[in-house]
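**Q** Residue numbers (the working numbering), protein chains in the order written: chain A, 1 to 320; chain B, 1001 to 1244.
1. For residue 1067 (chain B) and chain A, any beta-carbon pair shorter than 9 Å?
2. Less than 9 Å between the beta carbons of residue 1043 (chain B) and residue 1213 (chain B), yes or no?
3. Interface residues of chain B around residue 248 (chain A) at Cβ under 7 Å?
4. Any Cβ of chain A within less than 9 Å of the Cβ of residue 1027 (chain B)?
5. I'd like to check one pair, residue 1081 (chain B) with residue 1157 (chain B): are the Cβ atoms closer than 9 Å?
6. If you draw a straight line from the C-alpha of residue 1150 (chain B) to the C-alpha of residue 1089 (chain B), how long is it?
7. Going along the chain, which unbroken runs of the beta strand (DSSP E) with 3 or more residues stay wholly within the stretch 31 to 112 of chain A?
8. Could you check whether the Cβ of residue 149 (chain A) sits closer than 9 Å to any Cβ belonging to chain B?
9. Closest by CA to residue 68 (chain A), which one among A:88, A:37, A:98, A:81?
10. Could you tell me which residues DSSP puts in a beta bridge with residue 1068 (chain B)?
11. Distance cutoff 9 Å, beta carbons only. Does residue 1114 (chain B) sit that close to anything in chain A?
12. Does residue 22 (chain A) pass the burial test, meaning 16 or more other C-beta atoms within 10 Å, or should it be called exposed?
13. So does the stretch 101 to 119 of chain A actually touch the stretch 49 to 64 of chain A, counting three or more Cβ pairs closer than 8 Å?
14. Short of 7 Å Cβ to Cβ, which residues in the stretch 221 to 240 of chain A face chain B?
15. State the beta-bridge partners of residue 1137 (chain B) as determined by DSSP.
16. Using a Cβ-Cβ distance cut-off of 9 Å, determine whether residue 219 (chain A) contacts chain B.
17. Sort A:42, A:143, A:168 by Cα distance to residue 280 (chain A) and report the nearest one.
18. With DSSP as the reference, please indicate the residues paired to residue 1214 (chain B) in a beta bridge.
19. Identify which residue in B:1031, B:1063, B:1115 has its Cα closest to the Cα of residue 1192 (chain B).
20. Check this for me: beta carbons of residue 202 (chain A) and residue 139 (chain A), under 9 Å apart or not?
21. According to the neighbour-count rule (16 or more other Cβ atoms, all chains shown, within 10 Å of its Cβ), is residue 1178 (chain B) buried or exposed?
22. Please report the residue range of the beta strand (DSSP E) in which residue 209 (chain A) lies.
23. For residue 53 (chain A), which residues in the same chain have their Cβ closer than 7 Å to its Cβ, ignoring the five residues on either side in sequence?
24. Residue 118 (chain A) and residue 45 (chain A) - do their beta-carbons sit closer together than 9 Å?
25. Rounded to a whole number of angstroms, what is the C-alpha to C-alpha distance between residue 144 (chain A) and residue 157 (chain A)?
26. Identify every run of the alpha helix (DSSP H) within the stretch 121 to 173 of chain A, keeping only runs that are complete inside it and at least 4 residues long; order them along the chain.
27. Given this structure, state the Cα-to-Cα distance separating residue 178 (chain A) from residue 1103 (chain B), to the nearest angstrom.
28. By the 7 Å beta-carbon criterion, what residues does the stretch 1087 to 1115 of chain B contribute toward chain A?
29. What are the boundary residues of the beta strand (DSSP E) that includes residue 1011 (chain B)?
30. By Cβ distance, which residues of its chain are closer than 7 Å to residue 1231 (chain B), with the 5 residues on each side in sequence left out?
31. By the three-class DSSP mapping on this structure, what secondary structure does residue 315 (chain A) have?
32. Are the C-beta atoms of residue 319 (chain A) and some chain B residue less than 9 Å apart?
33. Pair every Cβ in the stretch 1011 to 1018 of chain B with every Cβ in the stretch 1131 to 1148 of chain B, then say whether three or more of these pairs are closer than 8 Å.
34. Below 7 Å on C-beta distance, what does residue 1157 (chain B) contact in chain A?
35. Quick one: list the residues of chain A neighbouring residue 1054 (chain B), beta-carbon separation under 8 Å, in chain order.
36. Which of helix, strand or coil does DSSP assign to residue 1177 (chain B)?
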């Protein structure tokens, strides 16, 4: 162990101590308001065991039961001597052969594992952010290129778009997309939500791309052009690769923001992670637990993304 | 090969107008090595950059191999592939390996296939004496090595003319020699070259003709013997007194 790591240990301990004190005081604070923590209620909203009951639709009689692989095929006869059959799990079987049943009596049930609302919400958030990131990146690339274009119309249009989007709140944009464009163009809430997020992210991505392109030294373009490459070839082979490498960190920040901003689409009744959390709270009243869980899930999504980008960055660093 | 007629390049600043090149009429014959010297800000680099269209000229004519650059219909990209350029700051593509630096334009501009382009690149790297560095990134190379790669990159396009814009000015003194050697070889092979430089030794030894520029104007031109031993103009005498 060298002297540097020896010196760092007391600081680490101090860090953990501070974190521990913060945690402990939160715990004490919740003790004081008499909040009963029910963490055991949370897991079922990720994954639950759904049971569907099979009932006899009329008065009838059980004809035969045959068991195979933990499942039973139950054949039954209606009063008009018609034969039906149903498959249920053997463990859940509530009838025996020859038994007379009345309408709606339960024969047995089938159960399966189902993804709960929090899982579905997380998948929705993931899908929203992925789709919005993809389109946002494309919009941003095109707009960024327009921003540095020689054509005055392209330049003004793109800066107008950037100014409008950056100067209005995302929440308002989502409402406009849903209530105005949604009505005029007859688009669904999901399309409206994704478009609003993509167009919002696109404006910021455009500025990042523009800065990246302008940060590539002029000499690079001069060298490429002096070799006879066209402006487009120069952009594709020389400027863009260098610009994208430089803008990767701010771009990552933008997409991480997008994951978080996607929580705002819950206002137009898209059941993303945030809305799923709200729905779960209405049925559990485990307000604290669910919001902490939801926050943790967002944190998971964003840290996976930032790890991914860090990995790409390391790979691109070989030419430095 | 190159002919300029009353070439003018003017930069319009916020509150000043700079006549960077002010009516230069000159010509370069095939196979000739022309060295342009002059004090800083004399417009010699701007003049050179006009020759391959990196600067658009304000007025006058540049005729390269029969094509007039001032004609709006001229495809500059076509002219540029015949005119190689080497920069003071090398301007290698930092995100590409040495060999890719040389292969790229051959494939995109000359439409050569990869094996052909790579073969050419290796041949040229051999020629400039750094064949072993083909898989390195430019940032791992010394300045002299980078400049030699840049020369190889320009040569890969099979240019008819090579322009050198102060190719040794950004180099450590001990690396100047290796770059000048490559240029001397090139000159002895009969390449048409226009060189802006402060290396008076190179000018004296290699140039067929020396142009002296000051304040955007072509002050004097002549053979190195004439130029360095018996200059006519007062301005030239003054400049030579300071640099020699």
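Even for Gly, the Cβ is constructed at its ideal location relative to N, Cα and C. No experiment lies behind these values; they were computed from the predicted model shown.
**A** So, to answer that:
1. Not one beta carbon of chain A lies nearer than 9 Å to the beta carbon of residue 1067 (chain B).
2. yes
3. Under the 7 Å cutoff, chain B gives no residues; its nearest Cβ is about 13 Å from residue 248 (chain A).
4. no
5. yes
6. 10 Å
7. Taking only runs of at least 3 residues, the beta strand (DSSP E) segments lying wholly in the stretch 31 to 112 of chain A are 47 to 55, 60 to 68, 71 to 78, 83 to 89.
8. The beta carbon of residue 149 (chain A) does not come within 9 Å of any beta carbon belonging to chain B, so the residue lies off that interface.
9. A:88
10. Under DSSP, the beta-bridge partners assigned to residue 1068 (chain B) are B:1063.
11. no
12. exposed
13. yes
14. 222, 223, 225, 226, 227, 228, 229, 230, 233, 237, 238
15. According to DSSP, residue 1137 (chain B) bridges with nothing at all.
16. yes
17. Residue 280 (chain A) has its Cα closest to that of A:42, out of A:42, A:143, A:168.
18. Under the DSSP definition of a beta bridge, residue 1214 (chain B) partners with B:1217.
19. B:1031
20. yes
21. buried
22. Run containing residue 209 (chain A): none in the beta strand (DSSP E); it sits in the alpha helix (DSSP H), 189 to 215.
23. 106, 109
24. Yes, these two residues count as a Cβ contact at 9 Å.
25. 11 Å
26. 152 to 166
27. 51 Å
28. 1087, 1089, 1091, 1093, 1094, 1095, 1104, 1105, 1108, 1109
29. 1002 to 1012
30. 1220, 1237, 1240
31. helix
32. yes
33. no
34. 227, 228
35. Under a criterion of Cβ atoms nearer than 8 Å, the residues of chain A adjacent to residue 1054 (chain B) are, in order, 222, 225, 226.
36. helix
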